[in-house]
């Protein structure tokens, strides 16, 4: 009696400290994966979120399904925008399960980042990737890449490496759902650009 209620006064009671935070007024952060967004099953990967100098807190969330593993990360890492996964599985990825992050200052929150799609490889045999009509392409030109798999997939991903600081993956829906091939239009190409391809099934 006579004491003010706080978040620790009653079990299960929490106070929203962001009542006066203005949403979406800070520039959106950049979200990427190290060493990349296409990861072999069982390998470690770290999601990085980087905002402005006004950052007081970072938050990472996944579209459609909650990312419960984020709760187990040390807060010291979260405050710096580091979200490590020590042993990645298909539960961390999946078609349509993109990650986004936001950051907060004392009075404002940022726009959500662009979505980041994680692709876990190693569960199926490798698909083949070929260039159409020929693998010989002039630097700066465009090329069509065809991916063919021995197993039918719901979606195919082509990850470009070698140029961007944070490689991104292109998502191509197959000709029919559960198909074994898909095509990508890529360009402009350069000698330093490399591509990796993977197929994936719908999760959930």
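In our numbering, the protein residues as written are 1 to 204.
We treat Cβ as the ideally placed atom computed from N, Cα and C, and that holds for glycine.
Here the structure is a predicted model, which is why all the values come from computation and not from measurement.
Got a sec: does the ligand ATP put a non-hydrogen atom nearer than 7 Å to the Cβ of residue i?
{"i": "residue 40", "result": "Looking at this structure, you won't find the ligand ATP or any other ligand, since it has none at all."}
If you draw a straight line from the alpha carbon of residue i to that of residue j, how long is it in whole angstroms?
{"i": "residue 182", "j": "residue 148", "result": "7 Å"}
{"i": "residue 206", "j": "residue 120", "result": "Because the chain spans 1 through 204 in this model, residue 206 falls outside it and cannot be assessed."}
{"i": "residue 274", "j": "residue 159", "result": "Because the chain in this structure spans residues 1 to 204, residue 274 falls outside the shown range and cannot be described."}
{"i": "residue 135", "j": "residue 97", "result": "33 Å"}
{"i": "residue 90", "j": "residue 65", "result": "13 Å"}
{"i": "residue 186", "j": "residue 116", "result": "19 Å"}
{"i": "residue 19", "j": "residue 157", "result": "Here the model assigns residue 19 a pLDDT of 45, short of 50, so the residue's position is not dependable, and the following value carries that caveat. Answer to the nearest angstrom: the Cα atoms are 40 Å apart."}
{"i": "residue 88", "j": "residue 133", "result": "36 Å"}
{"i": "residue 142", "j": "residue 113", "result": "29 Å"}
{"i": "residue 93", "j": "residue 184", "result": "21 Å"}
{"i": "residue 118", "j": "residue 99", "result": "8 Å"}
{"i": "residue 103", "j": "residue 61", "result": "12 Å"}
{"i": "residue 101", "j": "residue 55", "result": "12 Å"}
Using 8 Å for Cβ pairs, my map puts residue i next to residue j. What's the rounded Cβ distance?
{"i": "residue 63", "j": "residue 48", "result": "At roughly 18 Å, the Cβ-Cβ gap does not stay under 8 Å, so residue 63 and residue 48 are not in contact."}
{"i": "residue 188", "j": "residue 140", "result": "5 Å"}
Assign residue i to one of two classes, buried (16 or more other C-beta atoms within 10 Å of its C-beta) or exposed (fewer than that).
{"i": "residue 86", "result": "exposed"}
{"i": "residue 29", "result": "buried"}
{"i": "residue 68", "result": "exposed"}
{"i": "residue 72", "result": "exposed"}
{"i": "residue 53", "result": "exposed"}
{"i": "residue 244", "result": "Beyond the ends of the chain as shown, which are 1 and 204, falls residue 244; an answer cannot be given."}
{"i": "residue 81", "result": "buried"}
{"i": "residue 40", "result": "exposed"}
With distance defined between alpha-carbon atoms, name the residue in the options nearest to residue i.
{"i": "residue 205", "options": "32, 36 and 57", "result": "No answer is possible for residue 205: it lies beyond the span of the chain, which begins at 1 and ends at 204."}
{"i": "residue 46", "options": "70, 31, 122 and 84", "result": "84"}
Contact the stretch 128 to 139 vs the stretch 62 to 79: 3+ CB pairs below 8 Å
no
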